[in-house]
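Asker: Before I ask anything, here is the structure I am working with.
The structure is reproduced here in C-alpha cells:
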C-alpha cells in the first residue's frame, strides 16, 4: 500500500493513475485502426503531452531497485522559475528590437511547455503541502 510513502509520493501516484489510464485509452484507439471521430483524434494528438506529464511526475519517485535518489521537486521548481525569468528577459530583448538567434527563438517557442511543467509541478507540491519558494 501507500503507508511509508511521503505525501509527495502519494500525490505523484494519485496524479499519475488517471494519466496512465488516458495513455492506455489513446493506445487502444491507435490499435483499433478504425475511422476515428474528432474527439478521438483530439485525444490521440495529446499523447506526447500525457506521456511527458507521466515522466515528469515519475521523476519524483525513487526508481524501483535503485539506490539513486528521486529528483528534488523543489529544486526543479526553482530551476524552472529561473528559466522562465530568462525567457522573459529574452522576450523583452526581442520586443526591444534586438535580433534573436535561432537558438533564442527556439527557447521562446518552448515557453508554453515550460509554463505547463512549472504549473503542474507547483500544483503537485501544493497538494503535498510542500513550500517551493
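Numbering (my numbering), first residue to last: 27 to 159. Positions of the beta carbon are idealized from the N, C-alpha and C atoms, including for glycine. As the structure is a computational prediction, the values presented were derived from the model and not from experiment.
1. Is residue 134 closer than 9 Å to residue 126 when the C-beta atoms are compared?
2. Going along the chain, which unbroken runs of the beta strand (DSSP E) with 3 or more residues stay wholly within the region 96-154?
3. Do residue 151 and residue 100 have their C-beta atoms within less than 9 Å of each other?
4. Touching or not, the region 77-87 and the region 43-55, by the rule of three or more beta carbon pairs under 8 Å?
5. In three-state terms, what does DSSP make of residue 44?
6. Return the residue from the list 131, 37, 117 and 67 that minimises the CA-CA distance to residue 87.
7. Identify, in the order they occur along the chain, each residue of the same chain with its Cβ nearer than 7 Å to the Cβ of residue 33, setting aside the five sequence neighbours on each side.
Answerer: In short:
1. As a working note, residue 126 is residue 100 in the chain shown. As a working note, residue 134 is residue 108 in the chain shown. The answer is yes: Cβ separation under 9 Å.
2. Scanning the region 96-154 from its first residue to its last, no whole beta strand (DSSP E) run of 3-plus residues comes out.
3. By 1-based counting over the chain shown, the position of residue 151 is 125. By 1-based counting over the chain shown, the position of residue 100 is 74. For residue 151 and residue 100, yes; Cβs fall inside 9 Å.
4. With a cut-off of 8 Å, the region 43-55 and the region 77-87 count as touching, because enough Cβ pairs lie within range.
5. To locate residue 44, count along the chain shown from 1; it is residue 18. In the structure shown, residue 44 sits in a helix (DSSP, three-state: H, G or I).
6. Translated into positions along the chain shown, residue 87 becomes position 61. For residue 87, the nearest C-alpha among the options comes from 37.
7. Translated into positions along the chain shown, residue 33 becomes position 7. If the five residues before and after residue 33 are omitted, its C-beta is found closer than 7 Å to the C-beta atoms of 154 and 155, all from its own chain and listed in chain order.
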